[in-house]
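Oh and the sequence shown: position 64 is 54 in the numbering used here, straight run, nothing missing. Yeah, the Cβ is synthetic: ideal placement off N, Cα and C, and Gly gets one too. Fair warning: this is a prediction, and the values are worked out from it, not measured in the lab. Notes to accompany the following structure.
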Amino acid sequence: MRIVGMRFCRQAHCLVIILFLLTSCFIKKEEAPVLPPLTFPLSQPHIGFGVVNVSYTGVSTDPGEGGVSLGYLRRGTVVQVLERRQIRNGGKTESWLLVEEAFSGWLKETLVDVYENELKARTASDQMEK
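Here it is as structure tokens:
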């Protein structure tokens, strides 16, 4: 009787361990994604070069909708991209670029095609219908 009780105890112990392992495999924890910084501080003095991809857009003093207009850029204008920043706007995250052309200011990233060097940006600008 004692041997049967020990076997039952061992089997129950094994069953508990197996159930614990199986349940721990299926429990998912909600984790926040790890995002690298958008502008690396030790890299080049600029991110790249961009080409304005809309017919006409304003450049602001600050990222977001609250900035004061500094001027306007036309489609195909090549700008140097100095910084990228993400901001929250109405529950959505938007990326903005600090650009420099005749003046420095902020543009929404969707309005600019970014290239790694000036030659690629100028080639893309030349191929655009203006």
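task: Figure out for me which residue from Trp96, Leu12, Asn107 and Glu108 has the closest Cα to the Cα of Val58.
output: Trp96
message: Just verifying my parser: in three-state terms, what is the DSSP assignment at Ile37?
response: coil
field: Arg65 versus Leu11 - alpha carbon distance
entry: 59 Å
- prompt: If you follow the beta strand (DSSP E) that Asp103 is part of, which residue opens it and which one closes it?
  reply: Run containing Asp103: Val102 to Tyr105, per the beta strand (DSSP E) assignment.
Glu90 versus Lys82, Thr67, Gln117 and Thr13, residue with shortest Cα-Cα distance: Nearest Cα to Glu90 within the set Lys82, Thr67, Gln117 and Thr13: Thr67.
field: Selection from Asp116, Tyr62, Lys110 and Gln117 that minimises the alpha carbon distance to Gly121
entry: Limits of the chain in this structure are -9 at one end and 120 at the other, which puts residue 121 out of reach.
Ordered list of beta strand (DSSP E) runs contained in the stretch 46 to 91, each at least 3 residues: Here the runs fully enclosed are 46 to 50, 59 to 64, 68 to 79 and 82 to 90.
- prompt: How many Å lie between Gly54 and Gly61 at the Cα?
  reply: 15 Å
- prompt: Expressed to the nearest angstrom, what Euclidean distance is found between the alpha-carbon atoms of Val102 and Ser45?
  reply: 11 Å
message: In the DSSP output, what is Leu97 paired with across the bridge?
response: Secondary-structure assignment with DSSP links Leu97 through a beta bridge to Leu87.
query: Got a sec? Which residues, its chain only, sit under 6 Å from Glu108 by beta carbon, not counting five neighbours each side?
result: Phe39
- prompt: How about Glu99 and Leu88: are their beta carbons less than 8 Å apart?
  reply: If you check the CB distance, Glu99 and Leu88 do not come in under 8 Å.
Same chain, Cβ closer than 6 Å to Val69, five either side skipped, listed in chain order: Gly40, Val89 and Glu91
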